[in-house]
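Below is one structure, written out as structure tokens; the observations come after it.
Residue numbers (this note's numbering): 183 to 267.
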């Protein structure tokens, strides 16, 4: 029983670590694409972007280009902050 609990804890910690690292990679990528935006704004807009994608507001995203993704992201930033380039 104890061995199973330890194994489950290690697996859960590993999965959590992978998810956090993946999240940070995306945030860093967006920070490099939009250096004039604050990281807090980027995080908030990216969360909303993921929520919208999960709610299927964008339809199938497999054929989206980087430019289309950037445009959707900046639309969310403008809605949240009123930011205008």
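Cβ atoms here follow ideal geometry from the backbone N, Cα and C, with glycine treated the same way.
These numbers come from a predicted model, not from an experiment.
Annotated as proximal: residue 243 and residue 235, with beta-carbon spacing under 8 angstroms.
Judged by DSSP in its simplified three-state form, residue 247 adopts coil rather than helix or strand.
By the neighbour-count definition (other C-beta atoms within 10 Å, threshold 16), residue 232 is an exposed residue. Between residue 221 and residue 213, the C-beta spacing is below 8 angstroms. Distance from the Cα of residue 239 is smallest, within the candidate group 225, 198, 226, 258, for 258.
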